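Chemist: Going by full-length UniProt numbering, the letters in the sequence shown line up with residues 1 to 371, in that order.
For glycine and all other residues, C-beta sits at the position ideal for the given N, C-alpha and C.
On a predicted model such as this, the values are computed, not experimentally measured, just so you know.
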Amino acid sequence: MRTRAAVAVRAGAPLELMDVEIGGPRAGEVMVELKATGICHTDEFTLSGADPEGLFPAILGHEGAGVVVELGEGVTSLAAGDHVIPLYTPECRQCEYCLHPKTNLCQSIRETQGRGVMPDGTSRFSTLDGDPILHYMGCSTFARHTVLPEIALAKIRPDAPFASVCYIGCGVTTGIGAVINTAKVEIGSRAVVFGLGGIGLNVIQGLRLAGADQIVGVDLNEDKRAMAERFGMTDFVNPSEVDGDLVPYLVNLTKGGADYTFDATGNVEVMRAALECAHKGWGESIVIGVAPAGAEISTRPFQLVTGRSWRGTAFGGARGRTDVPRIVDWYMDGKIEIDPMITHTLRHEDINEGFDLLRAGKSIRSVVVYD
Ligand code: NAD
Ligand code: DAO
Ligand code: ZN
């Protein structure tokens, strides 16, 4: 069948809206009609050409919500009409990784997902001339219809609004999960969050949920301050206004260093500062940001010898089919907020505006709503 998609034709070029062919779901696969998709920094990272694994042409988008329209052979956990959120980190519940308690990085379809194809090695998308178009992060939510493996879909309650809960497909879960699943922050902790964008604000929201006493937000963009305060930030630091080095300033502000620090910028110099302002003896620094191709992190090893830990997290350590429906419940029960962070709602044909707003630092999350 035909569907409408915003296609990334090459690095650095705007997405092109076009009709594409989409093949029906094969064994173990599900076709979803998307109702909404968020525009995340990671889509921009790939489109810009900074992503070392970026593939073209491809249908980007990994943060969405929609309805199951067709099932491939052998699909048992979903039915037509179910409301779902696509998962760029699937959960097969059978592989060595899924069975290990310390990771959420299901590997069952990793290799083909990384090549932009379905688990059988082929793409479901093509141009009207029959040229293949690749999938992206196994999701491709910038198309009105997409096909995913059954294990890459979280079934959610039917009363949750698509235009809000699509953000749980990446930003909300990544930020809150980094605090709760990865760092396991304790009540009364002091924390520093670098980068107050679509991820960092959700780290702040997670820290408030976890009962942190001090939540320091660090951002070069002064405009991010008000929203971060609304979500629980207690202190704001603009590095460009700090006299001298940022690290001693933050160590002093947190009375000896933070119990937990989070990088949500993707900048390797920031990652170093985040590690070094963690408390001597016990401070943990969590890398969330994805750095450009070829970038490396460094610090003096003595920073680790003296008790700081450096860790990383993908999708907030969440197991998507299990955890995403719970996070949707938290939103529906008023335990977490999403809507104030959705600063712009766009039509599919205006999707490139969402990228412009993100690059200009003028949006937190732009959401495309499919009519
Ligand atoms: P964003 O663009 O919305 O926010 C980034 C923020 O960092 C902005 O407010 C910007 O002003 C600030 N910033 C940039 N450089 C800074 C610096 N030197 N010092 C202080 N602040 C600085 O991006 P986002 O959507 O919040 O994503 C943040 C990072 O997280 C990206 O690298 C993204 O690729 C990554 N990410 C990781 C995962 C994961 O699972 N690990 C998931 C999603 C996104
Ligand atoms: O299992 O090897 C692996 C990789 C899983 C992908 C993790 C991606 C996390 C960061 C990308 C940003 C997400 C939007
Ligand atoms: Zn698995």
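What span of residues does the alpha helix (DSSP H) with Thr112 cover, start to end?
Modeler: 110-114 is the span of the alpha helix (DSSP H), which, as asked, contains Thr112.
Chemist: Please report the distance separating the alpha-carbon of Thr234 from that of Val193.
Modeler: 11 Å
Chemist: If you count every other CB in all the chains shown that lies within 10 Å of the CB of Gln205, and 16 or more means buried, which is it?
Modeler: Counting Cβ neighbours within 10 Å, Gln205 comes out buried, since at least 16 surround it.
Chemist: So, at 7 Å on beta carbons, what are the nonlocal neighbours of Thr345 in its own chain, with the 5 sequence-adjacent residues on each side left out?
Modeler: The answer, listed in chain order, is Ala163, Val367, Val369.
Chemist: How about the segment 293-301 and the segment 121-132: do they share at least three Cβ pairs that are nearer than 8 Å?
Modeler: The segment 293-301 vs the segment 121-132: no contact.
Chemist: Using 8 Å as the cut-off, can you tell me whether the segment 146-162 makes contact with the segment 175-192, which would need three or more C-beta pairs spanning the two stretches below that distance?
Modeler: no
Chemist: Compare the C-alpha of Thr261 against each of Thr254, Ala274, Asn252, Lys255 and name the closest.
Modeler: Ala274
Chemist: I need the straight-line Cα distance from residue 415 to Thr174, nearest angstrom please.
Modeler: With the chain covering 1 to 371 only, the question about residue 415 has no answer from this structure.
Chemist: Can the beta-carbon of Gly64 be found less than 8 Å from the beta-carbon of Leu34?
Modeler: yes
Chemist: Enumerate, from N- to C-terminal direction, the unbroken beta strand (DSSP E) stretches of 3 or more residues contained entirely within the segment 132-217.
Modeler: Within the segment 132-217, the complete beta strand (DSSP E) runs of at least 3 residues are 145-149, 153-156, 190-194.
Chemist: Taking 8 Å as the threshold (C-beta atoms), are Val75 and Leu148 in contact?
Modeler: no
Chemist: From the DSSP output, which residues share a beta bridge with His83?
Modeler: Answer is Val67, Ile156, bridged to His83.
Chemist: When the Cα atoms are used, what is the spatial distance from Gly49 to Phe315?
Modeler: 22 Å
Chemist: Say the cut is 7 Å; is the CB of Glu111 nearer than that to a heavy atom of the ligand ZN?
Modeler: No - the ligand ZN has no heavy atom lying nearer than 7 Å to the Cβ of Glu111.
Chemist: Going by C-alpha to C-alpha distance, which of Val32, Tyr97, Asp51 sits closest to Val68?
Modeler: Val32
Chemist: Can residue 381 and Gly171 be called in contact, C-beta distance under 8 Å?
Modeler: This structure cannot speak to residue 381, because the chain is shown only from 1 to 371.
Chemist: Note down the Cα distance separating Val20 from Val324, rounded to an integer number of angstroms.
Modeler: 30 Å
Chemist: By the three-class DSSP mapping on this structure, what secondary structure does Trp282 have?
Modeler: coil
Chemist: In this structure, does DSSP put Gly316 in helix, strand or coil?
Modeler: helix
Chemist: Thinking just about the alpha-carbon of each residue, which of Ala5, Thr254, Asn104 is nearest to the one in Thr313?
Modeler: For Thr313, the closest C-alpha among the options Ala5, Thr254, Asn104 is that of Asn104.
Chemist: Within 7 Å: the Cβ of Tyr249 and any heavy atom of the ligand ZN?
Modeler: no
Chemist: Of the residues Glu269, Val242, Phe302, Gln303, which one's Cα is nearest the Cα of Ala291?
Modeler: Glu269
Chemist: Is the beta carbon of Glu150 within less than 7 Å of some heavy atom of the ligand ZN?
Modeler: no
Chemist: Are the CB atoms of Phe56 and Val9 within a distance shorter than 8 Å?
Modeler: Yes. Within cutoff.
Chemist: Find the nearest neighbour of Val287 within the set Gly195, Gly169, Pro132, judged by alpha-carbon distance.
Modeler: When only C-alpha atoms are compared, the closest one is Gly195.
Chemist: Would you call the segment 205-217 and the segment 238-247 touching, i.e. three or more CB-CB distances under 8 Å?
Modeler: no
Chemist: May I ask whether a heavy atom of the ligand ZN can be found less than 7 Å away from the beta carbon of Tyr97?
Modeler: yes
Chemist: Using CA atoms only, rank isn't needed, just tell me which of Arg144, Glu276, Thr343, Gly169 is closest to Asp223.
Modeler: Thr343
Chemist: Got a sec: does the ligand NAD put a non-hydrogen atom nearer than 7 Å to the Cβ of Gly354?
Modeler: No, since every heavy atom of the ligand NAD falls outside the 7 Å radius drawn around the Cβ of Gly354.
Chemist: Sorted by chain position, which residues of the same chain lie with C-beta nearer than 6 Å to Ala11's C-beta, five sequence neighbours on each side aside?
Modeler: Gly49
Chemist: Leaving out five residues on either side along the sequence, give the residues of the same chain with a beta carbon under 8 Å from the beta carbon of Ile133.
Modeler: Ala5, Val7, Val20, Pro57, Ala58, Ile59, Ser123, Phe125, Ser126, Thr127
Chemist: Just to confirm the assignment, what range does the beta strand (DSSP E) spanning Asp120 have?
Modeler: Note, Asp120: premise wrong, no beta strand (DSSP E); not H, not E.
Chemist: CA-CA distance, Arg347 and Cys40?
Modeler: When the Cα atoms are used, Arg347 and Cys40 turn out to be separated by approximately 16 Å.
Chemist: Tell me the DSSP bridge mates of residue 397?
Modeler: Any answer about residue 397 is impossible in this case: the structure gives the chain only from 1 up to 371.
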